Structure formats: structure tokens, C-alpha cells
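Visitor: Chains as they are written, first to last, in this note's numbering: chain A, 652 to 812; chain B, 63 to 817.
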Amino acid sequence: MNAGSTGSNDPIRISFTLNGEPTTVEVDPSERLLDLLRYRLGLTGTKEGCAEGECGACTVYLDGLPVDSCLVPAYQVRGHRVETIESLDPVGAAHYHARGTTQCGACTPGVVMTAEWILQHRDRLETHTVRELMAGNLCRCTGYDGIIEGIEGALEDREAG
Amino acid sequence: MLRREGLSKLTGRERYVDDLPLEDFLWGATVRSPAPRGRISDIIFGDGVDWSEFVIVDHTDIPGRNAVYLIEYDQPALAPGYVHHVHEPVLLLAHPSRDVARRALREVQVIVDVDPPALDFRTLPSPDLIQCGEDNVLKRLSIQKGDVERALAESPIVVEGVYETGAQEHVYLETQGMLAYLDDDVLVIKGSMQCPYYVVKALKPALNRSEEEIRVIQTPTGGGFGGKEEFPSMVALHAGLLALKSRRPVKLIYDRTEDMVATTKRHPSQIRHRTGVDENGRLIAQEIEVVMDGGAYLTLTPVVLSRAIIHAAGLYHCDNVRILGRAMFTNSVPYGAFRGFGNPQAHFAVERHMDVIADCLRMDPVELRRINVIRDGQTTSTGQVIGDGVDRLQIVERALALSDYERRRREHWVRNSEHRYLRRGIGMSAFYHGAGFTGSGEVMLDSRLHVEGHADGKVQVLCASTEMGQGQITVFIQLAADRLGYDPAEISIAEPDTHRVPDSGPTVGSRTAMVVGRLVERACDDLCRQAGLEIAVEASGEGVRGKSGRGSGETARGALVKEAIIAWHSAHPGERLLGRARYEPPPGIEWDEENYLGDAYGAFGWAAHVAEVEVDLRTYDVRVLDFVSVQDVGTVLNETLAKGQVQGGVAQGISWALLEECVWKDGAMQNGQLTNYIIPTSGDLPPIRVEFVEFPYEHGAQGAKGIGELPLVGAAPAVLNAVAAATGRQPTEIPLTPERLMALLGNGHEPGEAP
């Protein structure tokens, strides 16, 4: 994070859709989407884990695709659609709750964002396992079994209706 | 019972320290030493930022003693002119903008006149490197049993081995972070930590404040693993100093790199074994030397060394044992608590060595363990008579059966002779971990806990134990609910706030469920007594030791208790109804701290792991295909949480064995990023299969023993024993990276052949 990049440091006014709501803010050219969400828009469900796109704790949807919000300059979401953990229906969390998916919780919002994306894109499971699809979200507590079981359980639960 | 705060975490509503709303505050930042050793000759402030906007703190701003007190006062909060390790804190800065505060860090140059640093703990230091005592030894400890010299001389076979382990970074997903602000005259500290009272203990002498003037509150903590045992005291002290000087709230949050390079890690170790055995594989003598890198300050190193030597002989019986332990001062970032606390290093060595011995004897390594596993009535190296009724062989056999050990081994022989470059192997480890503080440690902690009955009949547990993901909140609610016959929904756990909760001791050492959980039960009993109920809970037969308990809902007895609490409040308006408990040692525990003799622990958890691996001789990559863990942790209080503890612990152990390498240059960690310090993804680990064998411990809550550390302890040797089985070579050093394995196997065109 620094303002040492070339060009103007004047704030940029952007409009985008955040969790379904039209949003207009002024952002610093070097501001990360993660910081905009957390520190200026009060959406602290998105966590910082590594600040370099390795851990996935800051996963949000950008136009419906999971991305690491620590790597996205805020101005780039101008005109786009951003969804955070706060936009998800909390009812869905019950599937994970029953299966030990969360321990310390720091990776959890990112894990749930990716997990829910998998649930909405089941065709990916024809070519990849859940374990492979979850490899972009680091967790230090569970050894991943609780996460994998949570997602597989959610798949079954939701199929069962 | 499901995790109490689970939904809050799963929906992103849990508020960690960096999520808390805060107005008109400053961001703190820490200026650190660029050199491992030397006198600070100058500090140059560049002109890239406007320094008049900053609050700057140096060692002269410390009102009390310049130390982060824990065991000793040796570690300064801010270097007073001389530094002993790279990244040692020198100055603190605070600014309203985080970006400007971070930019300012690059504008400060700390100039150090470098003296030669001691960086290798394995070699004896030359005179110019001596900075601690006469020989840079931070701590020496030893254990003696029988006559090792004579027994070794008389042993028909003596097997030697040297085993090395590297540093390991905790990588809790939430980095270190604290808030500090003044509330009238009280300095309030909020943040990520395991031990609120350790923070109080450290802040009192440094800030010259009483306990009444310091209030420490733990916020939801995103992982600890020991990394938030002692280090948060440093962060809290820094945040506090900035808040006191600026008179404004200060937020000090480490970014990942600062957290990785500047905080404590698992102690690197070098452990030598000389073992006398007879032709049948019976252990006659064990001579063990444990050397650890302590780093530049003491932190908890003496206690880590103590746990390492106590466990160094493994879970075997041997009449003649000598263990010498020493922790060395080096100019490295201080090492500290990490899940297992010295025992993983000890067990890596002894469990790897058992396979080496078996190889020398041309014996099945499992058989060697069967022969020597300690039986009830036999003694450990400290002379502790084991008599807990645990069938340790059953644990080993169960792990072998679950993993289909024998069949896989035979399959591997065939497969390995046929496959051009893939080699499979299966290996095991048998191990143990003493739960709670060592020796008289628990007595000295003098832990206390309260359970409060409120006017509406609801109950709250007041304790300093902390939730960091392991499930303390859930388990304590469950224990109280079972004890009182309550619906768990009517029980809560108070926020760990040192102005509200008694000191229940630190949340470390696998002591929480077993030791503090027992206090929950006893305080519940006391609450009943205080409310005028004389019925002993045990007599009711509800909830205790029965699988029907475990937070299953309100019982008839619970209704009585609730009624009594409500009635008490009607009779005592405005008063508090508290049930209290204070630690009482189980009878018959005797420990001689001077000579390291006697009952080191009240209870031990016992376990066996089996790992199956595949080694790729083209890439030297080791992949773990299957992992089975069988654990005796006493009564399993909550199956989902307990399984999570085992799987997570095993994952950290596998990864310590194969992936996690701290790369050092002049005392500084070079790979302080998750791009180059590798922890496993879901794709790097197999499913970890867990089974519990329950041998309840009479003095633990509902029969529970410690669980948090045990699973990590035996993971690395099981993996390396499997690699040995796959390759026919004996690796002795972790992390066993592809580079190390290539060196071990020889890098010719015919991998697997002797070089």
C-alpha cells in the first residue's frame, strides 16, 4: 500500500453495485477493494489474511466470480457488481455449522464465499473435486476435513431439498 | 452441541479486533532493527512524511521497567540502544492514516554498529559471540534414571542418530493485533490473545500501573496455536505506550509479513540419541541430548525445554535413561510457544529413531514398539509410575487395523518393485503428551473460576480461558449445562475481561477442557450450594460421564436449580449469586523440580498415527495419501470439535514435516510471505481419519484429558517413517523438502539407488 505510484493521486469517484445496492464513493487510486469494504463501508465480514492473494480470506464476488479483494484496486469495480459475505442468506450457513467447517473463523467468510460459489456452479464438480476447488482458501485450523465435509454435506442437504 | 459462535463466524458477523468500530484513532507501526546484533548509533528520519503529524515512542517513554515480563525481565519492550536480534522493536509510530504510518516505516533508518551475531545454536560459540552467561546457554536441564554408562557399555547393540527440526511459523489466519485506549484513568487493551492475565502481568511493571489501572479484554481470536500465548503482551504494551503518549485510541495490527518475520516460532532442535538394545529389540539404555535454539530472549524457552526432555524418551519403558537438555541463546528472533511446546521435536527424534533401530535390527518397527511400549506399573524417565489403565497397545493395534497397515505394506513391496519412479511407504508413530502444566505448575497457577446465577435463572461462566477456534466456549457451556441440568441456551460465557473474570490461568498446554473444565463443574456445584441446594450433582446421575449428557437439554434437576437461583435473587435483591471454584491438585501427585523426578503430569494423552506416502523420484515430492489417527484424550466431550482438533493438529504436523521452512539470512527470515512460506492447501492433504479410544481421567471434566497438542506431536515422525519405508533411506531432518530428499537419495539418474 502506498501512494507512490505515478500519475495523479486525486480521489476517483466510482459507482458500482454492492450487495445489490447502487453505491457511489470516492476512492484513492491505490486503495484496495478490501480496505474500501472493511474500513470505509463497514463490511468487516471480509477478512485480510495475507494481502497477496494467497489465502483467500478476503474472497468476494466480482460480477459473480470469486476474487481476492486484496488484489483488486477499488477503482476497478467501477460499473461492476460486488458481493460480500454479508449478502449471503444466513440460512445456508446451517449446513456448515453442523459439520465443523469453522474453528477460529478468520478464514471462514472466504471459505463460505468459495463454497457457496461451488454450490451454485455444480458443473465444476464434473471435472474437479471439492478438495481441488477449495485449494484457493487457506485454513490453519481444520486440516480442511471439516470444510470439505461441510460443502459435501451442503450439496447433499440441498439436493435433498 | 454445535459450536456456540459458529453461525456468527460463518456469516461474517464475528467481530475480531480489526473489525471493531473505533473513532478518532491512530494507527500504530513498529520500527525494527535491521541487524541481528549491535549498538544503535543513529536513527535517521527521512523527509518523505511530515513527522509533526506523528506520535513517536522510544524506550525513554516507558514509565516503568523496559521489559515484557513473563518469566524474567530480559526482553526489552523497545531496544534501549543495543539490539539482539533482527526485527527487534526500536521505535513506535502512530498516525491517523494507516498508509502514511506504513510509509513512515520506510522513512526511518536505524543505523546499527554491527557486532558478530551468534546464529547457529548447534555449534559452541566462540568468545566474541558470548552474550549470555559464560557459554550462551539459556537453560540447562537433565533427567537421570538408572545407570546409563554401564547399561550402554553392556548393551550388545548401540544405535546412534542425530535428528533436526526447523523453525515453524504459526500462521494463525488472523495476525497479531491490539487496540489500546484510556477510559478515564484505566488503560483498556483489547485484542487477539490466548492469555489476558499474561498481558496484565507484563503491562504492570512496564507501565507502573496496578491491575485496577489496566483492563485487558480478549476479542474473538482468529487462531493462536501458542503464537498468541506470550507475544500479544508485546503488542499490547506497544499499543498501550502509544495510547498513553498520544492520549488517543491506538490500533496496532501486524500485516502478514511483519507477523511472520518478527514474532515467535517453534524452537528449532537438534536431538542426539544413543540407544542400547538387545537382540530381541528390548531397550536397555537411552542416552539423549536435546539442544534447542532459544533465540535472543528467554520467552518461555525453559518451559519448552522442560517439556521436551520429559517426553524425549518416548512412550517406552527403559531402566536406564539420561537426558541432557540445553537451550541456546542466539541472535535470532526469540522462539516461543507453539502447539506441542517442545514435545513434537522430542517425538520427531525418538519416533524416527525407533524406526532406525528397527532397521538396524532388521526388525518390524511395529514389533519393536510393541515390545517396549510402557505398561501400567512401569515408569517413565522421571520415575513416574504409569497406572492409568490405558491400553496403549490397543491404541497402536487399532491404528494399524484402521490403516490396513500389513496389507498395504505388502502391496507397496510389489508396487515399488514394479513402478519406475513412484515409491509408496507406510509408517507409524506412537506417542504421548502430558496434559496441563508440568509438575507443580498447576498448583502455582492457582486457577479460579466463577459461575454466576442471574435473577432470571440464566447462568454465566466467568473465566479467563479464551476461545481461539478450539471450542472452549462450546465445551464450557456444555459442561455447565450437563452439570446443572440446564438447556445450553440458558448458559453463556462472559467476555474474557480482566476487570470482570477471575484468573483461570492461561489457555495453553492442553489444560482448558481438562483442568479449567473441571473448575466449571465444581463452580456449578458451588452455585447450587450457594442457592441453597444441597443435592450433589453426582448423586443425580445426570449428565456426568454419560453420553446422554453433553448439552442435551434441561432436566428435572435443571428446573430445580433454576427455581432455586430465581428464589435466591428474590430473597437477596441487588446481590450477586456466585459459585466459585479454585484449583485443587489431584491427590498423590509428587514432583521434584530440583531433580526432575516424579509425577511430571497428572494425566497423559496417548495416541498412534499411521501415514501412507508416495514419493516421486523424479521430483522428490512427497505426497501423503492416507492418514489415520487413533487418540486417547479421555472422555470425548464434543465429537465434532474433538475431531477438528485432531485433524487440524495433524495437518500442522504433516506440514511441519514436509513443507514449512523458514529461510534465514543473517538472522532474518527471508520468506515472510504466504507465497514462499508454504502451508498446505486442501489439495496438499489427504482426508485425516480419526478415531477416539476413550479412557476417562477421573480428575478431568467428565473424564476429559488434554487434546489440543497431542495430535500434532506424532505426525512428523509417522510421515518420515513412511518415507523411509518407501525409499529405504533414513531421513533425519525436517522439513523434508524435495531438496533435502534429493540430497538424501542422491541426485543421479537412477533415483533410489545408493549414491
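Positions of the beta carbon are idealized from the N, C-alpha and C atoms, including for glycine.
Please read all numbers here as calculations on a predicted model, not as lab measurements.
Tell me, please, whether the CB atom of valine 712/B is closer than 8 Å to any CB atom in chain A?
Guide: Valine 712/B counts as touching chain A.
Visitor: Between the C-alpha atoms of tyrosine 259/B and threonine 743/B, what's the straight-line distance to the nearest angstrom?
Guide: Spanning the two alpha carbons is a distance of roughly 35 Å.
Visitor: Is there a C-beta anywhere in chain B that falls below 8 Å from the one on tyrosine 747/A?
Guide: Yes, tyrosine 747/A counts as interfacial toward chain B.
Visitor: Looking only at its own chain, which residues have a Cβ that is under 6 Å from the Cβ of serine 738/A, when we skip the five neighbours before and after it?
Guide: Result list for serine 738/A: Asn670, in chain order.
Visitor: Report yes or no: is there a C-beta of chain B within less than 8 Å of the C-beta of glutamine 771/A?
Guide: No - not a single Cβ of chain B is within 8 Å of the one on glutamine 771/A.
Visitor: Any beta carbon of chain A sitting closer than 8 Å to that of serine 509/B?
Guide: No, its Cβ sits nowhere closer than 8 Å to a Cβ of chain A.
Visitor: Leaving aside the five residues before and after aspartate 421/B along the sequence, list all residues of the same chain whose C-beta is less than 7 Å from its C-beta, in chain order.
Guide: These residues qualify, in order along the chain: Gln792.
Visitor: Which residues, taken in chain order from the region 698 to 723 of chain A, show a beta carbon closer than 8 Å to some beta carbon of chain B?
Guide: Those residues of the region 698 to 723 of chain A that come within reach of chain B (Cβ to Cβ, closer than 8 Å) are Lys698, Glu699, Gly700, Cys701, Ala702, Glu703, Glu705, Cys706, Ala708.
Visitor: Glutamine 735/B touches chain A at which residues, Cβ-Cβ below 8 Å?
Guide: Per Cβ cutoff of 8 Å: Cys701, Glu703, Glu705.
Visitor: May I ask you to list the residues that DSSP assigns as paired with valine 695/B?
Guide: According to DSSP, valine 695/B bridges with nothing at all.
Visitor: Would you say proline 282/B lies against chain A (beta-carbon separation less than 8 Å)?
Guide: So yes, proline 282/B belongs to the interface.
Visitor: Expressed to the nearest angstrom, what Euclidean distance is found between the alpha-carbon atoms of aspartate 81/B and glycine 794/A?
Guide: Whole-angstrom Cα-Cα distance: 26 Å.
Visitor: For a cutoff of 8 Å on Cβ pairs, would you count glycine 90/B as touching chain A?
Guide: Glycine 90/B does not count as touching chain A.
Visitor: Can you tell me whether asparagine 393/B is helix, strand or coil according to DSSP?
Guide: Here asparagine 393/B sits in coil by DSSP.
Visitor: Closest to proline 158/B by C-alpha separation, out of Gly90/B, Val578/B, Glu413/B, would be which residue?
Guide: Of the listed residues, the one whose Cα sits closest to proline 158/B is Gly90/B.
Visitor: If you reduce the DSSP assignment to three classes, tell me which class histidine 631/B lands in.
Guide: Histidine 631/B falls in the helix class under three-state DSSP.
Visitor: Pick out whichever of Glu701/B, Glu291/B, Gly489/B has its Cα sitting closest to the Cα of alanine 766/B.
Guide: The residue with the shortest Cα to Cα distance from alanine 766/B is Glu701/B.
Visitor: Verify the contact flag: cysteine 724/B, CB atom, against every heavy atom of the ligand NAD, threshold strictly below 7 Å.
Guide: The model on display carries no ligand, and the ligand NAD is accordingly not part of it.
Visitor: Run through chain A and tell me which residues come within less than 7 Å of valine 233/B, C-beta to C-beta.
Guide: Chain A residues near valine 233/B: Arg791.
Visitor: Leaving out five residues on either side along the sequence, give the residues of the same chain with a beta carbon under 6 Å from the beta carbon of methionine 322/B.
Guide: These residues qualify, in order along the chain: Glu231, Gly734.
Visitor: Could you work out which residue in Leu713/A, Gly756/A, Leu692/A, Asp719/A is closest to glutamate 703/A when comparing CA atoms only?
Guide: Of the listed residues, the one whose Cα sits closest to glutamate 703/A is Asp719/A.
Visitor: Could you tell me which chain B residues have their CB closer than 7 Å to the CB of proline 760/A, listed as they occur along the chain?
Guide: In chain order: Gly74.
Visitor: Do you know how far the Cα of methionine 63/B is from the Cα of histidine 634/B?
Guide: Cα to Cα, the separation comes out at about 34 Å.
Visitor: For chain B, is any of its Cβ atoms less than 8 Å away from the one on proline 673/A?
Guide: No, proline 673/A lies away from the interface with chain B (no Cβ there is under 8 Å from its Cβ).
Visitor: Cutting at 7 Å between CB atoms, please list the residues of its own chain near arginine 127/B, excluding the five before and the five after it.
Guide: Contacts found: Tyr135, Pro267, Ala268.
Visitor: Measuring CA to CA, which of Glu351/B, Leu639/B, Val199/B, Ala180/B is closest to leucine 191/B?
Guide: Per the Cα distances, Ala180/B.
Visitor: Is tyrosine 795/A close to chain B? Criterion is C-beta to C-beta, closer than 8 Å.
Guide: Yes - at least one Cβ of chain B is within 8 Å of the one on tyrosine 795/A.
Visitor: Determine the burial state of proline 189/B: buried for a count of at least 16 other Cβ atoms within 10 Å of its Cβ, exposed for fewer.
Guide: With fewer than 16 other Cβ atoms within 10 Å, it is exposed.
Visitor: Cβ of arginine 782/A less than 8 Å from any chain B Cβ?
Guide: Arginine 782/A counts as touching chain B.
Visitor: Under the three-state reduction of DSSP, which class applies to lysine 609/B: helix, strand or coil?
Guide: In this prediction, lysine 609/B scores a pLDDT of 44, lower than 50, which makes its location untrustworthy; the coordinate-derived value is nonetheless stated afterwards. Here lysine 609/B sits in coil by DSSP.
Visitor: Could I get the ranges of all uninterrupted beta strand (DSSP E) runs contained in the region 763 to 800 of chain A, with 3 residues as the minimum, in chain order?
Guide: Whole beta strand (DSSP E) segments, 3+ residues: zero.
Visitor: How close, in whole Å, do the beta carbons of glycine 404/B and arginine 369/B come, if the pair is a contact with beta carbons under 8 Å?
Guide: About 4 Å; that satisfies the 8 Å criterion.
Visitor: Check whether the region 331 to 346 of chain B touches the region 109 to 126 of chain B, taking contact to mean three or more Cβ pairs, one atom from each stretch, closer than 8 Å.
Guide: Touching, no, given that fewer than three Cβ pairs across the two stretches are closer than 8 Å.
Visitor: Isoleucine 736/A versus chain B: which residues are under 8 Å apart at the beta carbon?
Guide: By Cβ distance, chain B contributes Thr73, Gly74.
Visitor: How about valine 799/A: is its C-beta nearer than 8 Å to some C-beta of chain B?
Guide: In the sequence under discussion, the amino acid at residue 799/A is isoleucine, which differs from the valine named in the question. Yes, isoleucine 799/A counts as interfacial toward chain B.
Visitor: On a CA-only basis, which of Arg328/B, Thr319/B, Ile105/B is nearest glycine 288/B? Give me that one, please.
Guide: Among Arg328/B, Thr319/B, Ile105/B, the Cα nearest to that of glycine 288/B is on Arg328/B.
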